[in-house]
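To start, the structure itself, in structure tokens.
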Amino acid sequence: LTGLVVWTDFKRKAHSLSRDLTDAEQRELAEISSTYSAMEAPGPGDRILRAVGRLLVTFPGQQLSEGAAKVRGDAYREALDDLPAWCVEQACRDWLRGDVAGEQNMAFAPSPPQLRKIALRHYQIMRGNRAWVDMMRRATTEPQGFPEVAAALEGVLS
3 LTGLVVWTDF
13 KRKAHSLSRD
23 LTDAEQRELA
33 EISSTYSAME
43 APGPGDRILR
53 AVGRLLVTFP
63 GQQLSEGAAK
73 VRGDAYREAL
83 DDLPAWCVEQ
93 ACRDWLRGDV
103 AGEQNMAFAP
113 SPPQLRKIAL
123 RHYQIMRGNR
133 AWVDMMRRAT
143 TEPQGFPEVA
153 AALEGVLS
């Protein structure tokens, strides 16, 4: 994607490119989009619970009965079951490294909503990246509603 300029008309939600994508660039973007698409699938649940379980045993906490431990596990499962496991694993890693923004008590494991919020941040970044890749794949070299920008860029890019 070297030498490519993208401009956007936000009112029309249109994107234009300074040149056509090569076949290789189109294939690469399709491959990246496909990878991102696969990353959106939730679960698998066993990987999520394994990541949460490792996090919970790492930090001090009260001794729980078997029933209370099951309820706690169910709370994490309910909070995280619609997210991909890689997001939850990354969120657990962030917590262990102290790479969490805000006023968090890092001496204890995160609550289910805290862990969900951290995992969602990773998910949203991936979705934003996918949206950018998909936008690039749909963009055209035809100026979409802003000929003055196209004319100015034509002089710069020539």
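Counting in the working numbering, the final residue of the sequence shown is number 160, and the numbers go up one at a time with none missing. Just so you know, even glycine gets a beta-carbon here, dropped at the ideal spot from N, CA and C.
Rounded C-alpha distance that separates residue i from residue j
i	j	result
Arg139	Leu31	7 Å
Ile34	Ile50	24 Å
Lys72	Trp97	22 Å
Gln126	Asp25	29 Å
Asp22	Ala141	9 Å
Ser20	Ala77	50 Å
Asn107	Glu68	26 Å
Thr37	Gln64	41 Å
His17	Phe61	48 Å
Pair within 8 Å by beta-carbon distance, residue i and residue j
i	j	result
Glu27	Pro86	no
Asp83	Pro46	no
Leu66	Arg79	no
His124	Cys94	no
Gly81	Arg29	The question names Gly, but residue 81 is Ala in the sequence shown. Cβ distance not < 8 Å, so Ala81 and Arg29 don't count as in contact.
For residue i, the three-state DSSP class (helix, strand or coil)
i	result
Pro86	strand
Gly55	helix
Leu66	coil
Gly104	coil
Ser113	coil
Ala16	strand
Thr60	helix
Thr37	helix
Chain D within 8 Å of residue i, Cβ atoms only
i	result
Ala43	You won't find chain D in this structure, because it holds only one protein chain.
Cβ neighbour criterion (16 or more within 10 Å) applied to residue i
i	result
Val59	exposed
Ala133	exposed
Ala109	exposed
Ala103	exposed
Quick check: the region 46-63 against the region 101-116, are there 3 or more CB pairs under 8 Å?
-> yes
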